[in-house]
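Student: Would you mind keeping the following structure in view while I ask a few things?
In our numbering, the protein residues as written are 53 to 321.
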């Protein structure tokens with residue numbers, strides 16, 4: 053690929069990443085905070101029994117509803133990941149909307165929320181909340197710094213138009229986006245990573261996958277990608293830091309997000 057952009061070949065950059073010319077990014081969770089908006093929307097639709105099981109004071113009720121919504125959101129997210137893996141194993145494809153709806157129904161059953169409590173309009177509203185995720189504070193400035201030195205490509209299990217709208221709304225700047233609805237597969241399907249590598253016209257070791265999910269990086273590594281793990285408070289909550297450190301990723305950024313990544317890759321911050 054003909055480009056005037058530099059590689060990460062800088063003395064401050066980890067040796068394993070000095071051949072990298074492009075960065076591909078997971079978006080939901082890595083670049084955006086989905087949890088705040090989804091849990092807030094869940095609070096507005098919390099079943100009546102959530103408040104009734106708490107003590108009568110207003111602060112205690114609000115705390116109970118907030119905790120319930122946060123827990124429900126994380127379980128919904130986990131169900132989403134699990135379902136994508138099942139689709140991958142069965143070599144099947146469903147639309148993102150269908151996946152969100154199926155996994156929401158699964159989570160409702162787990163939390164004993166019946167369908168009489170939540171109408172179709174409520175379910176649609178909850179699914180739509182994912183489209184309003186905000187960028188982490190370090191995302192937009194970090195991408196701007198990294199883009200001076202690297203080609204940046206979004207590589208996400210999302211819908212193209214939703215990703216475009218999110219990028220425009222949050223100020224995230226990528227040189228391109230590859231979404232699962234275009235490829236016809238979800239990560240960790242190798243087709244996603246292979247499509248990105250082909251689109252960039254680059255080879256093994258020239259592209260690094262940036263994600264807050266160990267499974268994503270492990271799959272990318274099998275396709276010849278370098279790997280950068282970004283620790284986010286809402287992601288991989290069941291994996292402790294020692295396991296991440298032992299995961300063999302080329303770089304782990306525990307704090308500072310994408311701005312810190314830019315610094316570690318030799319960008320002027």
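Cβ atoms here follow ideal geometry from the backbone N, Cα and C, with glycine treated the same way.
Does the Cβ of residue 20 have 16 or more other Cβ atoms within 10 Å, making it buried, or fewer, making it exposed?
Tutor: No information on residue 20 is available, as it lies outside the stretch 53 to 321 that the chain covers here.
Student: Flag this pair as yes or no: are the beta carbons of residue 268 and residue 85 separated by less than 8 Å?
Tutor: No, they are not a contact pair.
Student: What does the alpha-carbon distance come out to for the pair residue 233 and residue 157?
Tutor: Each residue's Cα considered, the two are about 22 Å apart.
Student: Relative to the C-alpha of residue 239, which residue among 224, 213, 253, 273 is closest?
Tutor: Of the candidates 224, 213, 253, 273, the one whose C-alpha sits nearest the C-alpha of residue 239 is 273.
Student: Give the range of the alpha helix (DSSP H) segment to which residue 229 is assigned.
Tutor: Counting along the chain, residue 229 falls outside any alpha helix (DSSP H), though it belongs to the beta strand (DSSP E) covering 228-231.
Student: So, at 6 Å on beta carbons, what are the nonlocal neighbours of residue 278 in its own chain, with the 5 sequence-adjacent residues on each side left out?
Tutor: For residue 278, where only same-chain residues beyond five positions count, the Cβ hits under 6 Å are 69, 72, 260, 302.
Student: Let me know if residue 201 comes out buried or exposed under the rule of 16 or more other beta-carbons within 10 Å of its beta-carbon.
Tutor: By the neighbour-count rule (16 or more Cβ atoms within 10 Å), residue 201 is buried.
Student: With a cut-off of 8 Å on the beta carbons, I'd call residue 135 and residue 155 a contact; round off their distance for me.
Tutor: Right, the Cβ-Cβ distance comes to about 5 Å (below 8 Å), so this counts as a contact.
Student: Which runs of the beta strand (DSSP E) spanning at least 3 residues fall entirely within the stretch 181-225, listed in chain order?
Tutor: Listed in chain order, the complete beta strand (DSSP E) runs (minimum 3 residues) inside the stretch 181-225 are 203-208.
Student: Would you report the Cα separation of residue 101 and residue 166, rounded to the nearest angstrom?
Tutor: Straight-line Cα distance between these residues: approximately 12 Å.
Student: Give, in chain order, every unbroken run of the beta strand (DSSP E) that is at least 3 residues long and sits entirely within the stretch 267-305.
Tutor: Qualifying beta strand (DSSP E) stretches, in chain order: 278-282, 303-305.
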